[in-house]
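Student: Quick one: the structure is below, and I'll ask about it shortly.
Numbering (the working numbering), first residue to last: 78 to 187.
Here it is as structure tokens:
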């Protein structure tokens, strides 16, 4: 089997992380409420009613138990927007590399 020049055979995984300067945090989807709304348990311990923005509605399907990035609203802290949804592989990668807070790490791959 031939290798390309510079190929070490190792897979490099790039995973998006929450931008703390923008106020983004990790969350786990607990319940689908309908009308593009979800109940999300966030890393700060609070449960938020989050919405899926229009640009993500048809492109990214979200289910219960998915790991997401949430941007809490400035004027109502109990609500927020979904910024990104991780695939199962990405979520396991974050869990194995201890990049998830304990309260959110439901994957227990340590």
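Yeah, the Cβ is synthetic: ideal placement off N, Cα and C, and Gly gets one too. Note that the structure is a prediction, hence the values are computed from the model and not measured.
Return helix, strand or coil for residue 99, following the three-state DSSP convention.
Tutor: Looking at residue 99 - three-state DSSP - the assignment turns out to be helix.
Student: Can you tell me the Cβ-Cβ gap for residue 144 and residue 103, rounded? I've got them flagged as a contact below 8 angstroms.
Tutor: Contact holds; Cβ gap of about 7 angstroms.
Student: Near residue 167, which residues of its chain fall below 7 angstroms by C-beta distance, leaving aside the five closest residues on each side in sequence?
Tutor: Closer than 7 angstroms at Cβ, skipping near neighbours: 92.
Student: Which residues in the same chain as residue 105 place their Cβ atom closer than 8 angstroms to its Cβ, once the five residues preceding and following it in sequence are excluded?
Tutor: Same-chain partners within the cutoff: 117, 118, 142, 143, 144, 145, 181 and 183.
Student: Roughly how many angstroms separate the alpha carbons of residue 98 and residue 129, rounded to a whole number?
Tutor: One C-alpha to the other measures close to 21 angstroms.
Student: Just the Cα atoms here: how many angstroms apart are residue 121 and residue 157?
Tutor: Going from the Cα of residue 121 to the Cα of residue 157 covers about 13 angstroms.
Student: Checking 9 angstroms against the spacing of the C-beta atoms, do residue 124 and residue 155 come in under that value?
Tutor: Closer than 9 angstroms, so yes.
Student: Among 161, 178, 108 and 140, whose alpha-carbon lies nearest the alpha-carbon of residue 132?
Tutor: Looking at the Cα atoms, 161 is the closest of the given residues.
Student: What is the rounded straight-line gap between the Cα of residue 108 and the Cα of residue 147?
Tutor: One C-alpha to the other measures close to 15 angstroms.
Student: Can you give me the C-alpha to C-alpha distance between residue 110 and residue 173, rounded to a whole angstrom?
Tutor: Residue 110 and residue 173: Cα-Cα distance of roughly 30 angstroms.
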